[in-house]
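Just so it is clear: in the sequence shown, position 124 is 115 by my numbering, and no numbers are missing. This report concerns only the one structure given below.
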Amino acid sequence: DNRLEEFRDFVFDLKLQRTFMVFSASSSDESTISAQASTSATPGTYYVKVLNTAFGTLLEGNDMVVTPPSSTATFGSLDYSYTPVDSTIRIYNEATQSYEEVNITTADTIDDIITKINTALSNLGMTGSASYDQTTGKLTITSDTNFFMVEVSGNLMSVFHLKESNVTYNGTNYVLQSTAPVSSLDPSTKTLQDIANYNSETIASGTVKINGVEITVDPTETLEDFLERINESSAGVTAWYDAYENKIYMRNNEGGPKAITLEDTDSTNVFGILGIENHTLTPGQEAHVQISTDGSTWMDLYTSNDSFEYNGITFTIKKASSDTITVRVERDVDQVISKIRDFVQKWNEIMDYINEKLTEEPVTDKSEDEMTEEEKMQGVLKNDSFLENIFDRLKSFITRKIEGDINYLWEIGITTGGLGTGYENMMKGHLELDEDTLRQVLSEDPEKVWRFFGNDEEGSEGFAVQLYNYLWDLTKFGGRIDQVAGVSGRLTREQRFLAIRIAEMIERLQRREAELWRKFTAMEEAIAYLQMQSSWLSQASGSTNK
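This is the structure:
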């Protein structure tokens, strides 16, 4: 049974300062700034102004990852995110409720697609046009009449990123435009080598450095895997691919104006093909907070991230605000009382369990074969001297004097009860908790309560320290319980001795049994011989008489 070990582990928490020096912190605006108080927090009211949050320097590639194709490129070659297939679209004229179908093959060029769409617009009586901008890689359709487009078959609208787009009105025309360049990639499937091929460039294996940290370049890995490797490194940046812009971005994880450095030490050309060899840096900034304990005298604090510590309180900035936020830090007495309440409950459970085992009667109305394993163990520890010693030692802790400002359990509200119950509880080792007394002592000076329990100075150890040490000596491997009941303990040694004696007795009985069987067999043979002789003599005597 591991009850004592579990109780020992619970008592360990009572040795710790954090169990008693508990504070709660509340913010008047959790959406702007939150607070968490440590054991060393200074209670009080804090006034906070969040002038700005922290953000790291941003690196933006000057070029797209893949340069958009020319208008002479075939539809079938636009396999950046999807594999193009022959498609049919319908363009609806909202005014006339009519539509025109446009059939596109993979052999059609972008110019061919534009021509077919323009023809459809004209057939619908709409004044407008379709166009393709090679600089942005986007397809745009404009009309003086409201319209919408439906994909009957194929994936043309997905390839040109028109599916997620909506027709908008700019005051003059209705416009439908690609949400991303046609050359926007699927980073989970396209490799670095694919990107190099799209741009008619080369890429080589090797290493590059970001903020001085080496990153391995493998042309066969996907863009997503490469960016993930950057993010998992100690370079201190977060890199990502923006499919809508078709660009790579990096941001320092730490706030402030620190630059992001790129070095292609092995001439891999990976920065070149990803469009970040030439880039723009937007410097970051530190968070700026003003804090006051009286609302009139302010202290300026700057931090490179959105978390900082002040007077043992960890503040987490969530957004800037023009308002003054009030943070209150108070002692959390209820949490400490709950812990002590649990201690008293667990103490009583342990003492009841030990007392039960000491007074438990064995099962006598069943044979051993009829008993369960639990019933066989019942009463085994009745009046056991070793268990009685543990019970008495634990009871002695109730009245033990502890050196310090608080000397006894009763001073913090832990007693054996009032008149009429105190003696009985003392005999059973039971404790009761007066929460009002404990609350008052904790409110006055929680550190004194902690030192009563957790002081670890030699010669003046606290209550929990002494109790834990005793329980540790009992329950540790090779401890007192193990010496009595463990693998090498007294009970086990006695069991082994009895087992050896029983085996010896069985062997002696078996030898005696074998000897008796030999004698019995010899006796049977002798009797059989005598019977045979007797029968012969009888026959011989009968023959003579005749």
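Yeah, the Cβ is synthetic: ideal placement off N, Cα and C, and Gly gets one too. Predicted model only: the values in this text are computed from it and were never measured.
Starting from residue i, follow the alpha helix (DSSP H) in both directions and report where the run begins and ends.
{"i": "Arg9", "result": "Gln8 to Phe11"}
{"i": "Ser149", "result": "Leu147 to Val150"}
{"i": "Thr466", "result": "Phe454 to Thr466"}
{"i": "Val440", "result": "Pro437 to Gly445"}
Less than 8 Å between the beta carbons of residue i and residue j, yes or no?
{"i": "Asn43", "j": "Ala278", "result": "yes"}
{"i": "Tyr37", "j": "Ile282", "result": "yes"}
{"i": "Ile194", "j": "Thr259", "result": "yes"}
{"i": "Leu167", "j": "Leu147", "result": "no"}
{"i": "Phe306", "j": "Ala26", "result": "yes"}
{"i": "Ile251", "j": "Val228", "result": "yes"}
{"i": "Thr33", "j": "Lys330", "result": "no"}
{"i": "Ala121", "j": "Ile108", "result": "yes"}
{"i": "Asp255", "j": "Val199", "result": "yes"}
{"i": "Gly450", "j": "Arg442", "result": "no"}
{"i": "Val173", "j": "Phe151", "result": "yes"}
{"i": "Val320", "j": "Ile308", "result": "no"}
By a C-beta neighbour count over all protein chains shown, 10 Å radius and 16 as the cutoff for buried, is residue i buried or exposed?
{"i": "Leu482", "result": "Bear in mind that a pLDDT of 48 at Leu482, under 50, signals an unreliable position, so the number given afterwards is only what the model happens to contain. Leu482 should be labelled exposed."}
{"i": "Lys6", "result": "buried"}
{"i": "Leu500", "result": "exposed"}
{"i": "Ser72", "result": "buried"}
{"i": "Val141", "result": "exposed"}
{"i": "Arg484", "result": "No answer about Arg484 holds up, because its pLDDT of 48 lies below 50 and its placement is not dependable."}
{"i": "Asn(-7)", "result": "exposed"}
{"i": "Pro353", "result": "exposed"}
Do you know how far the Cα of residue j is from the Cα of residue i?
{"i": "Ser175", "j": "Glu92", "result": "27 Å"}
{"i": "Ile393", "j": "Ser387", "result": "12 Å"}
{"i": "Asp257", "j": "Lys181", "result": "23 Å"}
{"i": "Asn114", "j": "Leu130", "result": "20 Å"}
{"i": "Tyr90", "j": "Thr133", "result": "16 Å"}
{"i": "Ser68", "j": "Ala45", "result": "44 Å"}
{"i": "Gly445", "j": "Ile221", "result": "46 Å"}
{"i": "Asp233", "j": "Leu49", "result": "14 Å"}
{"i": "Asn188", "j": "Asn243", "result": "30 Å"}
{"i": "Leu400", "j": "Val456", "result": "14 Å"}
{"i": "Phe299", "j": "Val318", "result": "14 Å"}
{"i": "Ile518", "j": "Ala505", "result": "20 Å"}
{"i": "Glu426", "j": "Met362", "result": "45 Å"}
{"i": "Ala226", "j": "Ser61", "result": "37 Å"}
{"i": "Tyr414", "j": "Gly404", "result": "17 Å"}
{"i": "Thr79", "j": "Ala111", "result": "12 Å"}
{"i": "Asn269", "j": "Gly286", "result": "48 Å"}
{"i": "Ser479", "j": "Leu458", "result": "Summary for Ser479: the model assigns pLDDT 45, below 50, so the residue's position carries little reliability; its value from the coordinates is reported in the next sentence. Near 25 Å, if we compare the C-alpha coordinates of Leu458 and Ser479."}
{"i": "Thr30", "j": "Met12", "result": "5 Å"}
{"i": "Thr273", "j": "Tyr240", "result": "11 Å"}
{"i": "Arg332", "j": "Leu422", "result": "10 Å"}
{"i": "Asp124", "j": "Leu292", "result": "49 Å"}
DSSP three-state label for residue i, please.
{"i": "Asn229", "result": "Note that residue 229 is Thr in the sequence shown, not Asn. Here Thr229 sits in strand by DSSP."}
{"i": "Ala278", "result": "strand"}
{"i": "Thr406", "result": "strand"}
{"i": "Asp291", "result": "strand"}
{"i": "Ser89", "result": "strand"}
{"i": "Asp124", "result": "strand"}
{"i": "Ala32", "result": "coil"}
{"i": "Gly204", "result": "For clarity, residue 204 is Val in the given sequence; the question names Gly instead. DSSP places Val204 in strand when its eight states are reduced to three."}
{"i": "Gln369", "result": "coil"}
{"i": "Glu423", "result": "strand"}
{"i": "Val354", "result": "coil"}
{"i": "Ser62", "result": "coil"}
{"i": "Glu236", "result": "coil"}
{"i": "Arg391", "result": "coil"}
{"i": "Glu504", "result": "helix"}
{"i": "Ala111", "result": "helix"}
{"i": "Glu142", "result": "strand"}
{"i": "Ile24", "result": "strand"}
Starting from residue i, follow the beta strand (DSSP E) in both directions and report where the run begins and ends.
{"i": "Met55", "result": "Premise fails: Met55 is in no beta strand (DSSP E) and is neither H nor E."}
{"i": "Phe299", "result": "Ser298 to Tyr301"}
{"i": "Tyr83", "result": "Ser78 to Asn84"}
{"i": "Ala16", "result": "Phe14 to Ser18"}
{"i": "Leu130", "result": "Lys129 to Ser134"}
Quick check: is the beta carbon of residue i nearer than 8 Å to any beta carbon in chain C?
{"i": "Ala455", "result": "In the displayed structure, chain C is absent; only one protein chain is listed."}
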